[in-house]
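Engineer: Handing you a structure now.
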Amino acid sequence: MCTDRVLILGGTAEARELAEELYAVGVRPISSLAGRVARPRLPVGEVRVGGFGGPEALARWLHDHGIVAVVDATHPFAEQISASAAAACPRAGVPLLRLERPGWSERDGDRWCWVDSLETAADTITQLGKRVLLTTGRQGLSAFAGVDAAWFLIRCVDPPAPPLPAHYELIIDRGPYTLAGELTLLDAHQIDLVVTKDSGGHHTKAKLSAARERDLPVIIVHRPPRPAGRSLPTVSEAVEWVHGQILGR
Ligand code: NAP
């Protein structure tokens, strides 16, 4: 059993997979969750929950807990914690890897409209549709609160806080989703527009295939810029990187 401690900044399927794969090869990671979701899917092994209190506090935490490597496997839109890790790790002298799933890319038949922010997505809605499947996540829904001319089917993991759009129905669900299920959902609610973020990955991709099949437009929000640094796209590559850090000590 390896006693070197590795921190995984989590909250994603990849972070859970990484914890599992490291565990299977004898590394005991500590997974960190923000604590936003009421009933999170927990990774195997040790888990801590809650913010660290900013980059300086995170650097102290890394030092105090004898962390030898950090994998930032947080969601592509979780900007603050990634910035915090990018500032804290050099300060603590701990190597940092960003594990980031690739974004989605358009295929023939897709009708995607890329935008830079939730606000621009909201401004674009009335040009493209009236009955919207909105899957941008619970946070940031206030950007759509002023869009009175459309009806929203809002799907998120936990109930959102106001302000919300004037006309909406809520579905609490967390996927993974299937193409058949997404087609049924689009048809049942007569959806004519999908609005989402470029989260990437397979768990929530089916809505894009369903939109293509139904010839529906999709407004898709670009990922925010990321701090510079080492980044790998797959869990297996991240496992190798962790091994390299442990062996190289
Ligand atoms: P964020 O804006 O980047 O983070 C806000 C603050 O929450 C951070 O400064 C940090 O607090 C704390 N935090 C975030 N992730 C943390 C983690 N894994 N462990 C400990 N503290 C964490 O993040 P967010 O967009 O609110 O997302 C929160 C979590 O949900 C992330 O871990 C992310 O992986 C997951 N998630 C996000 C999305 C999304 O669309 N944003 C979607 C799916 C899952 P301190 O500054 O106090 O350390």
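Just so we're aligned, residue 23 is where the sequence shown starts under the working numbering, counting upward by one. Using N, Cα and C, we set each Cβ at its ideal position, and we do this for glycine too. As the structure is a prediction and not an experimental result, all values here were calculated from the model.
(1) Starting from the N-terminal side, write out each stretch of the beta strand (DSSP E) that is 3 residues or longer and does not extend beyond the stretch 158-246.
(2) So what does Pro-51 bridge to, in DSSP terms?
(3) Would you mind reading off the limits of the beta strand (DSSP E) that contains Glu-68?
(4) Quick one: is the Cβ of Glu-235 within less than 7 Å of any heavy atom of the ligand NAP?
(5) Over the uninterrupted beta strand (DSSP E) stretch that includes Arg-133, give me the two end residues.
(6) Based on the DSSP secondary-structure assignment, which residues constitute the bridge partners of Leu-118?
(7) Give me the residue from Leu-140, Glu-78, Thr-157, Ala-171 with the minimum Cα distance to Gln-149.
(8) Cβ of Ile-52 versus every heavy atom of the ligand NAP: is any distance shorter than 7 Å?
(9) Let me check one thing: in DSSP terms, what residues is Arg-252 bridge-paired to?
(10) Indicate whether Gly-222 and Pro-98 have their beta-carbon atoms separated by less than 8 Å.
(11) Over the uninterrupted alpha helix (DSSP H) stretch that includes Val-59, give me the two end residues.
(12) CB-CB under 8 Å to Gly-203, same chain, minus the five flanking residues each way: which ones, in chain order?
(13) Kindly indicate the opening and closing residues of the alpha helix (DSSP H) around Asp-145.
(14) By DSSP's criteria, Val-154 is part of a beta bridge. Which residues make up the other side?
(15) For Asp-67 and Asp-237, what's the separation of their Cα atoms in angstroms?
(16) I need the DSSP call for His-97, collapsed to helix, strand or coil.
(17) Taking the alpha carbon of Val-216 as the reference point, which residue from Val-243, His-225, Asp-195 has its own alpha carbon closest?
(18) For a quick check, are the C-beta atoms of Ser-53 and Ala-35 less than 8 Å apart?
(19) Considering Cα atoms alone, identify which of His-189, Ser-139, Ser-253, Arg-234 is closest to Leu-121.
(20) Cβ-heavy atom distance between His-225 and the ligand NAP below 7 Å?
(21) Where do the N-terminal and C-terminal ends of the alpha helix (DSSP H) with Ser-127 fall, by residue?
(22) Give a yes or no on contact between the stretch 162-176 and the stretch 136-145, applying the rule of three or more CB pairs nearer than 8 Å.
(23) Would you identify the three-state DSSP class for Arg-82, choosing helix, strand or coil?
(24) Apart from the five residues just before and just after Gly-72, which ones in its own chain have a Cβ nearer than 6 Å to its Cβ?
(25) Leu-119 to Ser-258, Cα distance in whole Å?
(26) Taking 7 Å as the cut-off, is the C-beta of His-97 nearer than that to any heavy atom in the ligand NAP?
(27) DSSP three-state call for His-265: helix, strand or coil?
Structural biologist: Inspection of the coordinates gives the following:
(1) For the stretch 158-246, whole beta strand (DSSP E) runs of length 3 or above, ordered along the chain, are 173-178, 190-194, 215-219, 239-243.
(2) Looking at the DSSP assignment, Pro-51 forms a beta bridge with Val-28.
(3) Start and end: 68-71.
(4) Checking every heavy atom of the ligand NAP against the Cβ of Glu-235, none is found closer than 7 Å.
(5) Bounds of the beta strand (DSSP E) holding Arg-133 are 133-137.
(6) Among the bridge pairs identified by DSSP, Leu-118 is matched with Val-92.
(7) Nearest to Gln-149 by C-alpha distance, out of Leu-140, Glu-78, Thr-157, Ala-171, is Ala-171.
(8) Distances taken from the Cβ of Ile-52 to the heavy atoms of the ligand NAP include none shorter than 7 Å.
(9) Arg-252 is not bridged by DSSP to any residue.
(10) Yes, the Cβ-Cβ distance between Gly-222 and Pro-98 is below 8 Å.
(11) It is not in any alpha helix (DSSP H) - Val-59 carries neither H nor E in the DSSP assignment.
(12) So the qualifying residues of the chain are Ala-228.
(13) First-last of the alpha helix (DSSP H) with Asp-145: 140-150.
(14) Beta-bridge pairing links Val-154 to Phe-174, Leu-215.
(15) The question names Asp, but residue 67 in the sequence shown is Gly. Rounded to the nearest whole angstrom, the C-alpha separation of Gly-67 and Asp-237 is 44 Å.
(16) Of the three classes helix, strand and coil, the one that applies to His-97 here is coil, per DSSP.
(17) When only C-alpha atoms are compared, the closest one is Val-243.
(18) With contacts defined by Cβ atoms closer than 8 Å, Ser-53 and Ala-35 do not form a contacting pair.
(19) Of the residues His-189, Ser-139, Ser-253, Arg-234, the one whose Cα lies closest to the Cα of Leu-121 is Ser-253.
(20) Taking the Cβ of His-225 as the reference point, every heavy atom of the ligand NAP lies at 7 Å or farther away.
(21) Segment: none, Ser-127 is in no alpha helix (DSSP H) and carries neither H nor E.
(22) The way I'd put it, the stretch 162-176 does touch the stretch 136-145; three or more beta-carbon pairs between them come closer than 8 Å.
(23) Here Arg-82 sits in helix by DSSP.
(24) In chain order, Gly-57 place their CB closer than 6 Å to the CB of Gly-72, counting only its own chain and leaving out the 5 sequence neighbours on each side.
(25) Rounded to the nearest angstrom, the gap between the Cα atoms of Leu-119 and Ser-258 is 13 Å.
(26) Yes, the ligand NAP has a heavy atom inside 7 Å of this Cβ.
(27) Note: His-265 maps to helix in three-state DSSP.
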